Amino acid sequence: MNFHYAILQNPGHNRVYFNLSGKLALAELKIAASRLSHPAKDVMIQKLAGVRYLTFTIEDKLNEEDLILISRLSFFFALYEIVEVDDGRALKPIQQAEYNHIDEKISSLMKYQGKTNELFTRMMINVAMLSSDFENAAMDLLDPVSGKGTTLFEALVYGMNAYGVELDPNAVHEASTFFKQYIQKERFKYTLDERRVSGASKTDAVFMKEFSFARSKDEFKNPALQRQLGMICGSTTQLSKYLKKKSFHLIVG
-19 MNFHYAILQN
-9 PGHNRVYFNL
1 SGKLALAELK
11 IAASRLSHPA
21 KDVMIQKLAG
31 VRYLTFTIED
41 KLNEEDLILI
51 SRLSFFFALY
61 EIVEVDDGRA
71 LKPIQQAEYN
81 HIDEKISSLM
91 KYQGKTNELF
101 TRMMINVAML
111 SSDFENAAMD
121 LLDPVSGKGT
131 TLFEALVYGM
141 NAYGVELDPN
151 AVHEASTFFK
161 QYIQKERFKY
171 TLDERRVSGA
181 SKTDAVFMKE
191 FSFARSKDEF
201 KNPALQRQLG
211 MICGSTTQLS
221 KYLKKKSFHL
231 IVG
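Each residue of the sequence shown is one higher than the last, beginning at -19 in this note's numbering.
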């Protein structure tokens, strides 16, 4: 038995990419479809009652992991099952999966010139993750050109550990100050470790600000439930000195 689904695209996705939004969303969905519990087919853009949807067919109902994967797509707004009724077809709403480790609004709170759009950033992370051989566990992501942290914050939303390198000390200061204020406001439990990662003297010293945080005191007691955010003010070309033997699952910048 086949099950047919339709995804309504986020209106904000349309505003950002205009005519390209459909093609980008379809490409992202095709990559995601390869990671579903059953092979998906007929992945396409369709108009239903004059409204554009991204549709696909699968051999069995979507399970919990499938729903999480679909719900975190950058263009996702709502998911429906296409069902047959007496007078044709109808859309049956499906509850969106809860996947956020922290509120996704964090990426949109900072406003500044030159900021990478958070929906585009989310798409880049999804494409990297879904194209990899890694599972959806707590991955480590590196942004080698982290700016004021849009990619880092999006990674935290997904429950990843995020590390970034940025030459501009003002950008690092603003991003770290913003994040500290954010987790304080949200009443997260955290520690902040600011340490030298390179340089023998003050003139060539490079520092990293590393947050370890959890959503509650109880979670913080369990190291497996803690997440890390590290921001380095330095050159990406010197990463091997800054992070020594550390490796990453994803590099997104």
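Beta carbons are placed, not taken as given, at the ideal position from N, Cα and C, and that holds for glycine. Note that this is a predicted model, so its numbers are computed, not measured.
Counting C-beta neighbours from all protein chains within 10 Å, is the total for Thr131 16 or more, i.e. buried, or is it exposed? With 16 or more other Cβ atoms within 10 Å, it is buried.
State the Cα-Cα distance for the pair Tyr33 and Gln26, rounded to the nearest angstrom. Between Tyr33 and Gln26, the C-alpha separation is close to 5 Å.
Under three-state DSSP, which class holds His153? In this structure, His153 counts as helix in the three-state DSSP scheme.
In chain order, which alpha helix (DSSP H) runs of at least 4 residues are fully inside the segment 77 to 151? Runs found: 86 to 89, 98 to 110, 130 to 137.
Taking the alpha carbon of Glu39 as the reference point, which residue from Met24, Ser17, Tyr60, Ala58 has its own alpha carbon closest? Cα-wise, what sits closest to Glu39 is Ser17.
Quick test of your reading: Tyr60 and Leu71, contact by CB under 8 Å. State the CB separation rounded to the nearest angstrom. Right, the Cβ-Cβ distance comes to about 4 Å (below 8 Å), so this counts as a contact.
Checking 8 Å against the spacing of the C-beta atoms, do Ile82 and Tyr(-15) come in under that value? For the 8 Å CB-CB criterion, Ile82 and Tyr(-15) do not form a contact.
For Met103, does the count of other Cβ atoms within 10 angstroms reach 16, so buried, or fall short, so exposed? Around the beta carbon of Met103, 16 or more other beta carbons lie within 10 angstroms, which makes this residue buried.
Can you check whether the CB of Ile86 is closer than 8 Å to the CB of Val232? Contact flag unset, no.
Which word fits Tyr143, buried or exposed, when buried means at least 16 other C-beta atoms lie within 10 angstroms of its C-beta? It is buried - the Cβ of Tyr143 has at least 16 other Cβ atoms within 10 Å.
For Lys197 and Thr171, what's the separation of their Cα atoms in angstroms? Lys197 and Thr171: Cα-Cα distance of roughly 12 Å.
My output table needs one value for Ser1: the three-state DSSP class, helix, strand or coil. Looking at Ser1 - three-state DSSP - the assignment turns out to be helix.
Cβ-based neighbour list, Ala108, same chain, cut-off 6 Å, excluding 5 preceding and 5 following: So the qualifying residues of the chain are Leu230, Val232.
Report the three-state DSSP secondary structure of Ser192 (helix, strand or coil). DSSP, read as helix, strand or coil, puts Ser192 in strand.
Could you give the distance in angstroms between the alpha-carbon of Leu122 and the alpha-carbon of Phe228? Spanning the two alpha carbons is a distance of roughly 6 Å.
Hey, out of Gln76, Ala155, Asp120, whose CA is closest to Lys91's CA? The option with the nearest alpha carbon to Lys91 is Ala155.
Starting from Glu174, trace the beta strand (DSSP E) in both directions and tell me its first and last residue. Counting along the chain, the unbroken beta strand (DSSP E) around Glu174 starts and ends at 169 to 178.
Look at the Cβ atom of Ser178, then the Cβ atom of Gly214, and state whether they are nearer than 8 Å. Yes, Cβ-Cβ distance for Ser178 and Gly214 is below 8 Å.
In this structure, does DSSP put Glu234 in helix, strand or coil? Residue 234 cannot be examined here, being either before or after the span of the chain that is shown, -19 to 233.
Select from Leu28, Phe36, Tyr138, Gly30 the residue whose C-alpha is nearest the C-alpha of Ala13. The residue with the shortest Cα to Cα distance from Ala13 is Phe36.
Three-state secondary structure (DSSP) at Tyr159? For the record, residue 159 in the displayed sequence is Phe; it is not Tyr. Looking at Phe159 - three-state DSSP - the assignment turns out to be helix.
Can Phe240 and Ala194 be called in contact, C-beta distance under 8 Å? With the chain covering -19 to 233 only, the question about residue 240 has no answer from this structure.
Given this structure, state the Cα-to-Cα distance separating Met140 from Gly129, to the nearest angstrom. Straight through space, the alpha carbons of Gly129 and Met140 are spaced by roughly 14 Å.
What three-state label does DSSP hand Gly210 in the structure shown? Reduced to three states, the DSSP call for Gly210 is strand.
What is the residue span of the alpha helix (DSSP H) that Leu47 lies within? Element bounds for Leu47: 44 to 51.
Compare the Cα-Cα distances from Leu219 to each of Phe187, Phe191, Asn202 and report the closest residue. The candidate whose alpha carbon is nearest that of Leu219 is Phe187.
Check each candidate in Thr183, Leu42, Phe(-17), Tyr79 and name the one with the smallest Cα separation from Arg69. Ranking Thr183, Leu42, Phe(-17), Tyr79 by Cα distance to Arg69 puts Phe(-17) first.
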